[in-house]
Amino acid sequence: MQQNVSISSTFKDPASLTITDGLHLVDVEVGKRIKKRRQQLRISQTALGAAVGVSFQQIQKYERGSNRVSSSALYSLAQVLDVPVAYFFETLSRPIRIDCAELERKAALREDFVATEEGQRLVDAFMTIPKKMRPKFISLLATFSNEP
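Offset between the sequence shown (1-based) and the numbering used here: plus 9.
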């Protein structure tokens with residue numbers, strides 16, 4: 010049984026972080042940080058591209074923010090530029106906060122239950138049920154919780 014959880018944002022919608030020409034603020038800022046560090050180290054776009062396995066044109070696009078940097082490329086760039094990956098995000102404000110109090114409360118309740126003898130017996134018994142049967146078992150349990 011899945012439960013819908015509403016997540017409330019106390020700040021702007023992520024779509025509002027788009028700036029001119031459809032570029033995303035985070036992509037532009039990461040690109041600026043790549044360029045700044047590359048220039049500090051006096052590395053050409055060609056040399057940086059060769060070091061991370063992309064063309065100098067791709068480095069230009071990263072630096073302008075017109076192409077999004079993949080996580081693996083960002084990791085490689087951080088290694089070559091000798092900075093932690095977090096360096097590329099340090100100048101960004103934290104525009105989106107999610108209220109996770111309800112999720113954290115539910116997680117704590119589940120963690121506490123699983124730590125009990127009853128919880129351990131339930132988990133052990135559930136693990137012996139064939140995987141194909143588990144969804145049916147969960148549906149059966151859900152019917153008990155819906156009774157008045």
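Note that beta-carbon positions come from the ideal geometry of N, C-alpha and C, so glycine has one too.
Beta-carbon separation (whole angstroms), residue i vs residue j, contact threshold 8 Å
{"i": "valine 92", "j": "arginine 46", "result": "6 Å"}
{"i": "valine 123", "j": "serine 85", "result": "39 Å between Cβ atoms; not a contact."}
Range covered by the alpha helix (DSSP H) that runs through residue i
{"i": "aspartate 30", "result": "Where aspartate 30 is concerned, there is no enclosing alpha helix (DSSP H), given that its DSSP letter is neither H nor E."}
{"i": "phenylalanine 98", "result": "Careful: phenylalanine 98 lies outside any alpha helix (DSSP H) and carries neither H nor E."}
{"i": "threonine 137", "result": "126 to 137"}
{"i": "aspartate 121", "result": "110 to 123"}
{"i": "arginine 143", "result": "143 to 154"}
{"i": "valine 89", "result": "80 to 89"}
{"i": "lysine 70", "result": "65 to 73"}
{"i": "glycine 58", "result": "54 to 61"}
Sub-8 Å separation of residue i and residue j beta-carbons
{"i": "isoleucine 43", "j": "tyrosine 71", "result": "yes"}
{"i": "glutamine 88", "j": "asparagine 76", "result": "no"}
{"i": "valine 37", "j": "leucine 101", "result": "no"}
{"i": "glycine 58", "j": "phenylalanine 65", "result": "yes"}
{"i": "valine 63", "j": "alanine 82", "result": "yes"}
{"i": "leucine 32", "j": "leucine 90", "result": "no"}
{"i": "glutamine 54", "j": "glutamine 69", "result": "yes"}
Residue environment, residue i, which counts as buried when at least 16 other CB atoms sit within 10 Å
{"i": "valine 150", "result": "Correcting the residue type first, residue 150 is leucine in the shown sequence and not valine. Burial call: exposed."}
{"i": "phenylalanine 97", "result": "buried"}
{"i": "glutamine 129", "result": "exposed"}
{"i": "valine 39", "result": "buried"}
{"i": "threonine 19", "result": "Because threonine 19 sits at a pLDDT of 38, beneath the cut-off of 50, its placement in the model cannot be relied upon, and the following sentence gives the value as read from the coordinates. When all chains shown are included, threonine 19 counts as exposed."}
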